[in-house]
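Chains as they are written, first to last, in our numbering: chain P, 1 to 209; chain U, 210 to 418.
Where a beta carbon is used, it is the ideal one built from N, C-alpha and C, also for glycine.
In what follows, a structure is listed as structure tokens, so that the remarks can point back to it.
Protein chains: 2
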Amino acid sequence: MQTKQAPTAARGAPVTDAIFEATFEELARVGYGGLNRELVAARAGVNKSTVYRRWPTTLSLVEAAFASTWQGSVPRVPNTSTLRGDLEMLVVELDRIVRSPHGRAAARLFLFDARAPELAGIAATIGAEEEARGPKLILDRAIGRGELPPGTDRSFLIDTVRGAVLFRTLLHRNGRLDAAYARELIDAVLHGVLRGPDKKPTVKKKTRR
Amino acid sequence: MQTKQAPTAARGAPVTDAIFEATFEELARVGYGGLNRELVAARAGVNKSTVYRRWPTTLSLVEAAFASTWQGSVPRVPNTSTLRGDLEMLVVELDRIVRSPHGRAAARLFLFDARAPELAGIAATIGAEEEARGPKLILDRAIGRGELPPGTDRSFLIDTVRGAVLFRTLLHRNGRLDAAYARELIDAVLHGVLRGPDKKPTVKKKTRR
């Protein structure tokens with residue numbers, strides 16, 4: 001597993017980085033429809049002409065900010081050599097990403113703003129980057145190890161986990177998502193709430209009353 | 210089950226209704242941070258002074274629009290007398306709501322804008338309205354019928370379904386979510402992907418080929 005932040009492309013001078021960070025923070029706060037380069041400049045602590053000169057439109061600024069760090073907007077994919085371990089880490093990683101300004105900006109753009117034709121290109125690139133990171137690899141490896149049946153609907157499984165985590169993280173903003181939730185979610189998806197947590201598929205032990 | 214749209218409160222003249230509809234459409238399109246009363250007026254086909262005079266701030270317009278139709282922003286709760294039937298209908302109902310301008314506006318506000326202190330009141334009322342509709346009643350009734358164990362984590366189960374559906378509906382904008390997806394999701398949550406779809410704990414009926 002990677003322990004360091006993934007490298008970012010096309011980042012440069014501290015001023016540029018500060019403007020991109022401020023862009024993500026404002027995108028996370030108000031979305032693309034409310035983005036204002038003057039407020040971005042104020043948040044970055046630079047003169048507004050610095051922003052207007054380099055990015056003549058709001059769209060060009062947003063494109064440049066995302067292009068500087070596609071990888072920062074999507075979760076890394078764990079490889080713990082068990083399906084359960086990988087999925088639980090993916091839950092934690094998704095939570096971390098969606099709490100960051102980059103990740104929240106990307107989620108907002110992806111879920112709500114991608115209808116705007118001028119944003120379709122950015123949304124497609126984020127989607128492709130996420131696909132390239134390969135969350136489905138988790139499932140391919142699990143199929144290879146015999147932990148999942150070969151016909152498993154990989155998109156369905158990943159999207160169910162992703163949707164449940166996004167919803168929870170966005171609604172519960174105080175404090176990170178806890179490990180108990182990650183276990184409960186992966187138990188539910190793998191075994192179902194009717195079966196309960198982590199029972200082995202072998203004969204049940206009798207319990208004394 | 211209800212077949213008619215739930216009644217809405219505080220709706221009145223056609224002009225008011227048109228302005229509220231336009232408000233939801235713009236909220237769904239650009240979010241609260243990008244909302245502009247002039248564009249709302251243009252979309253509603255009224256003079257901008259009509260909007261400015263009645264709602265002196267963007268916030269007052271948004272509050273009035275939601276107050277006119279809290280119930281239109283949250284899903285109705287089915288009662289089909291089986292857990293599976295209720296959850297599958299809830300999936301379809303959530304999809305319908307999130308595709309409507311009211312529902313998308315509410316989702317956007319709830320997931321992304323509720324941090325803004327001035328919107329906390331609206332978000333809390335939408336949340337309370339959703340709670341009052343009682344999605345957890347589905348689970349209480351199922352517990353009463355012996356379909357779910359008494360200790361079931363109701364918030365977890367409802368939020369997992371809600372999150373998975375919201376994510377899917379917002380990402381796949383063309384065409385309604387299909388019944389096969391609703392079945393697959395409820396199968397996964399109740400029985401787990403490892404168990405597969407809808408296996409009865411009893412002996413299967415043989416089908417003729």
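Put simply, the CB of A391 (chain U) is far from chain P, with every gap to its CB atoms at 8 Å or more. Around the CB of E130 (chain P), 16 or more other CB atoms lie within 10 Å, so the residue is classed as buried. Secondary structure of H172 (chain P) (DSSP, three-state): coil. Taking a Cβ-Cβ threshold of 9 Å, none of the residues of chain P is close to G294 (chain U); the smallest such distance is about 15 Å.
Listed along chain P is no residue with a C-beta nearer than 9 Å to that of F233 (chain U); the closest approach is about 14 Å. The Cβ of T152 (chain P) sits closer than 8 Å to at least one Cβ of chain U. Put simply, of P:G151, P:A106 and P:T152 the residue whose alpha carbon is nearest the alpha carbon of T23 (chain P) is P:A106. Beta-carbon to beta-carbon, V77 (chain P) and L137 (chain P) are separated by about 6 Å, close enough to satisfy the 8 Å threshold. Proximity of chain P to H400 (chain U) at the Cβ level (cut-off 9 Å) is accounted for by H191, G192, V193, L194 and R195, in chain order.
The beta-carbon of V239 (chain U) is placed less than 8 Å from the nearest beta-carbon of chain P. Exposed is the label assigned to D140 (chain P), since fewer than 16 other Cβ atoms lie within 10 Å of its Cβ.
In the structure shown, A13 (chain P) adopts coil according to DSSP, grouped into three states. Sorting P:I97, P:R162 and P:R168 by C-alpha distance to the C-alpha of F365 (chain U) places P:R168 at the top. Listed along chain U is no residue with a C-beta nearer than 7 Å to that of G103 (chain P); the closest approach is about 12 Å. Nearest CB-CB separation between R96 (chain P) and chain U: not below the 8 Å threshold.
Here L185 (chain P) has V91, V161, A164 and V165 as same chain residues with Cβ atoms under 8 Å from its own Cβ, once five neighbours each way along the sequence are excluded. Where G240 (chain U) is concerned, there is no enclosing alpha helix (DSSP H), because DSSP gives it neither an H nor an E. Residue contact check for F321 (chain U) against chain P: a CB pair falls below 8 Å. Annotation: the continuous alpha helix (DSSP H) that includes F66 (chain P) extends over T58 to S68. Across the set P:L190, P:L109, P:I126 and P:G121, the C-alpha of P:I126 shows the shortest separation from the C-alpha of T69 (chain P). Annotation: E38 (chain P) to T16 (chain P) spans about 15 Å, alpha carbon to alpha carbon.
Around the beta-carbon of D362 (chain U), fewer than 16 other beta-carbon atoms lie within 10 Å, marking it exposed. As the crow flies, the alpha-carbon of L403 (chain U) is around 11 Å from that of I143 (chain P).
Taking C-beta atoms as the reference points, V260 (chain U) and A227 (chain U) fail to come closer than 8 Å. For R317 (chain U), the chain P residues whose Cβ falls inside 9 Å of its Cβ are G31, R108, L111 and F112, in order along the chain. At a C-beta separation below 7 Å, T160 (chain P) has these neighbours in chain U: A373, L394 and A397.
Cβ-Cβ distances below 6 Å link L303 (chain U) to P284 and V374 in the same chain, with the five nearest sequence neighbours on each side left out; the list follows chain order. Between G243 (chain U) and chain P, the shortest Cβ-Cβ separation is below 8 Å.
Distance between P149 (chain P) and L386 (chain U), taken at the CA atoms: about 25 Å. Taken through DSSP and simplified to helix, strand or coil, E297 (chain U) comes out as helix. F321 (chain U) is not a Cβ neighbour of R96 (chain P), given a cutoff of 8 Å. For R324 (chain U), the closest Cβ of chain P is nearer than 8 Å. Counting along the chain, E131 (chain P) sits inside the alpha helix (DSSP H) bounded by residues A120 to R133. Cβ atoms of G243 (chain U) and G31 (chain P) come within 8 Å of each other, at about 6 Å. At the C-beta level, G151 (chain P) and V398 (chain U) stay beyond 8 Å of one another. Annotated as proximal: T289 (chain U) and M298 (chain U), with beta-carbon spacing under 8 Å.
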